[in-house]
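Enquirer: This structure is in structure tokens; I'll ask about it shortly.
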Amino acid sequence: MNEKQRERTLKFLQKVLPADEYEKIQKLKINDLGFGYDQFGMEKESAALAYFIVRLAYKYWFRVQSDGHENIPGTGRALIVPNHSGVLPLDAAMIGVDLVMKLDPPRNMRAVVDNFMGFTPFLNTLVYRAGQVVGSRRNFEDLLKDEEMIAVFPEGAKGTGKLYSQRYKLLKFNVGFIELSLKHRAPIIPTMSIGGEEQYPMLFNFKPIARLISFPYFPLTPFFPWLGLLGAVPLPVRYHIQYGKPIKFYEEYGPETIKDPETVRMLADKVHEIVQDMVNQGLKERKSIFGFEEDCKSGKK
Numbered sequence: 374m375n376e377k378q379r380e381r382t383l384k385f386l387q388k389v390l391p392a393d394e395y396e397k398i399q400k401l402k403i404n405d406l407g408f409g410y411d412q413f414g415m416e417k418e419s420a421a422l423a424y425f426i427v428r429l430a431y432k433y434w435f436r437v438q439s440d441g442h443e444n445i446p447g448t449g450r451a452l453i454v455p456n457h458s459g460v461l462p463l464d465a466a467m468i469g470v471d472l473v474m475k476l477d478p479p480r481n482m483r484a485v486v487d488n489f490m491g492f493t494p495f496l497n498t499l500v501y502r503a504g505q506v507v508g509s510r511r512n513f514e515d516l517l518k519d520e521e522m523i524a525v526f527p528e529g530a531k532g533t534g535k536l537y538s539q540r541y542k543l544l545k546f547n548v549g550f551i552e553l554s555l556k557h558r559a560p561i562i563p564t565m566s567i568g569g570e571e572q573y574p575m576l577f578n579f580k581p582i583a584r585l586i587s588f589p590y591f592p593l594t595p596f597f598p599w600l601g602l603l604g605a606v607p608l609p610v611r612y613h614i615q616y617g618k619p620i621k622f623y624e625e626y627g628p629e630t631i632k633d634p635e636t637v638r639m640l641a642d643k644v645h646e647i648v649q650d651m652v653n654q655g656l657k658e659r660k661s662i663f664g665f666e667e668d669c670k671s672g673k674k
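Going by the working numbering, the first residue of the sequence shown is number 374, and it counts up by one from there.
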């Protein structure tokens, strides 16, 4: 955006957002290089506009409920480590909006996107301007050195590509986030996200088409591609997000531990177990997938 577009964007947001939320997004900080965006291309006005758009889905479509915000450090580097699901990474978007809405002061969550999104024309610019980054080790480290909070999904793209029959069964975690935590003394915030597995119930992955379009999977759901674009609309499931107590392995294990693959694997498995237990408990407490009866009881329309 140029200066006039940034001014217009802020004026628009001031009109459409409640005063307290507009004040919050004004508090969001970026490491501006002097051109209006940071080294990864994040632009405050674009990020705020993305927040407004995703906020609509957060409040009115997915009706997100969340707790555990006291476990998130108000400042400094941290790793948000959730389970992953849903065909499209809407779970990451919901967590990102939640951390702006529920934290005071709000915090940017720099989510790591798959390489195919980072190198897709037009889409990559939108991703970068909204504050997301391609998942390379150097990007991770630069963000942590700048005391940023990043979200790492250790299941990777395979997590969003789970079949409906595999829902809420976490795949084996990659270990990179453990190495980052130990090296940079960044606390790990285990995070549970429930709802994404049902937003696009994937019955089958049609791999020939996925390979043809260079995507990690091509989902066949009860509605897509049979209903065309209408079938690409996610179901109005209710999202539940919970942030667990910070895990600080670096207090017991020094940075040299990253040279010990067995120990790193063991620590990753511990976090996997914690997040899986959080998910299992969340599923036990969930009354329904859509939660409409809860809206009726609370007087919501």
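The C-beta atom is built at its ideal place from N, Cα and C for all residues, glycine as well.
Let me make sure I understand the geometry here. Which of 585, 595, 581, 549 has the alpha-carbon closest to that of residue 571?
Expert: Walking along the sequence shown from the start, residue 571 turns up at place 198. That would be 595, whose Cα lies nearest to the Cα of residue 571.
Enquirer: Between which two residues does the alpha helix (DSSP H) containing residue 483 stretch?
Expert: Indexing the sequence shown from 1 puts residue 483 at position 110. No alpha helix (DSSP H) holds residue 483; the beta strand (DSSP E) holding it covers 482-486.
Enquirer: Using a Cβ-Cβ cutoff of less than 7 Å, which residues in the same chain neighbour residue 563 once the five nearest sequence positions on both sides are dropped?
Expert: Mapped onto the sequence shown, residue 563 falls at position 190. Hits under 7 Å: 454, 617, 620, 644, 647, 648, 651.
Enquirer: Quick check: what's the CA-CA separation for residue 608 versus residue 433?
Expert: By 1-based counting over the sequence shown, the position of residue 608 is 235. By 1-based counting over the sequence shown, the position of residue 433 is 60. Computed Cα separation, rounded: 12 Å.
Enquirer: Curious, which full-length beta strand (DSSP E) runs of at least 3 residues does the segment 584-648 contain?
Expert: The segment 584-648 contains these whole beta strand (DSSP E) runs: 613-616.
Enquirer: Is residue 439 helix, strand or coil by DSSP?
Expert: Taking the sequence shown and counting its residues from 1, one reaches residue 439 at position 66. Of the three classes helix, strand and coil, the one that applies to residue 439 here is strand, per DSSP.
Enquirer: Would the segment 516-533 count as touching the segment 546-566 if we require 3 or more Cβ pairs under 8 Å?
Expert: Because the criterion of three Cβ pairs below 8 Å is met, the segment 516-533 and the segment 546-566 touch.
Enquirer: Compare the Cα-Cα distances from residue 379 to each of 422, 392, 394, 390 and report the closest residue.
Expert: As a position in the sequence shown, residue 379 is number 6, starting the count at 1. When only C-alpha atoms are compared, the closest one is 422.
Enquirer: Quick one: grab the DSSP three-state call for residue 398.
Expert: Within the sequence shown, the letter at position 25 stands for residue 398. Helix.
Enquirer: Three Cβ pairs or more, each shorter than 8 Å: is that satisfied between the segment 575-588 and the segment 464-473?
Expert: No contact exists between the segment 575-588 and the segment 464-473.
Enquirer: Give the straight-line distance between the Cα atoms of residue 404 and residue 480, rounded to the nearest whole angstrom.
Expert: The count along the sequence shown starts at 1 and reaches residue 404 at position 31. The count along the sequence shown starts at 1 and reaches residue 480 at position 107. Computed Cα separation, rounded: 13 Å.
Enquirer: Determine the direct distance from the alpha carbon of residue 568 to that of residue 610, and round the result to whole angstroms.
Expert: Numbered from 1 along the sequence shown, position 237 holds the residue referred to as residue 610. Numbered from 1 along the sequence shown, position 195 holds the residue referred to as residue 568. Cα-Cα distance, rounded: 6 Å.
Enquirer: When you compare only the Cα positions, how much space is there between residue 521 and residue 482?
Expert: To locate residue 521, count along the sequence shown from 1; it is residue 148. To locate residue 482, count along the sequence shown from 1; it is residue 109. Near 8 Å, if we compare the C-alpha coordinates of residue 482 and residue 521.
Enquirer: Among residues of its own chain, excluding the 5 on either side of residue 674, which ones have a beta-carbon nearer than 8 Å to its beta-carbon?
Expert: Taking the first residue of the sequence shown as position 1, residue 674 is located at position 301. Low local confidence applies: a pLDDT of 49 at residue 674 is under 50, so the model's placement there is unreliable, with the coordinate-based value given in what follows. Cβ neighbours of residue 674 beyond the five flanking positions: 668.
Enquirer: Taking the alpha carbon of residue 637 as the reference point, which residue from 554, 500, 460 has its own alpha carbon closest?
Expert: Your numbering for residue 637 matches position 264 in the sequence shown. Of 554, 500, 460, the residue nearest in Cα terms is 554.
Enquirer: Would you call the CB atoms of residue 504 and residue 457 closer than 7 Å?
Expert: Within the sequence shown, the letter at position 131 stands for residue 504. Within the sequence shown, the letter at position 84 stands for residue 457. Against a cut-off of 7 Å, the Cβ pair of residue 457 and residue 504 comes out as no contact.
Enquirer: Have a look at residue 474 and residue 625 and give me their C-alpha separation to the nearest angstrom.
Expert: To locate residue 474, count along the sequence shown from 1; it is residue 101. To locate residue 625, count along the sequence shown from 1; it is residue 252. Roughly 34 Å separates the two Cα atoms.
Enquirer: Going by the CB atoms, is the gap between residue 502 and residue 414 shorter than 7 Å?
Expert: Sequence index remark: in the sequence shown, residue 414 carries index 41 (1-based). Sequence index remark: in the sequence shown, residue 502 carries index 129 (1-based). Cβ distance < 7 Å, so residue 414 and residue 502 count as in contact.
Enquirer: Relative to the C-alpha of residue 588, which residue among 656, 461, 444, 406 is closest?
Expert: Taking the sequence shown and counting its residues from 1, one reaches residue 588 at position 215. Cα-wise, what sits closest to residue 588 is 461.
Enquirer: Using only the alpha-carbon positions, how far apart do residue 394 and residue 599 sit?
Expert: Position 21 of the sequence shown holds residue 394. Position 226 of the sequence shown holds residue 599. Distance between the alpha carbons of residue 394 and residue 599: 39 Å.
Enquirer: Kindly say whether residue 375, judged by its beta-carbon, lies nearer than 7 Å to any beta-carbon of chain C.
Expert: Absent here is chain C; the protein component of the structure consists of one chain.
Enquirer: Quick check on the DSSP output: the alpha helix (DSSP H) that includes residue 516 runs from which residue to which?
Expert: By one-based count along the sequence shown, residue 516 stands at place 143. 510-518 is the extent of the alpha helix (DSSP H) around residue 516.
Enquirer: Examine the ligand NAD and report whether any of its heavy atoms sits within less than 6 Å of the Cβ of residue 443.
Expert: The ligand NAD is not among the ligands present in this structure, which contains no ligands whatsoever.
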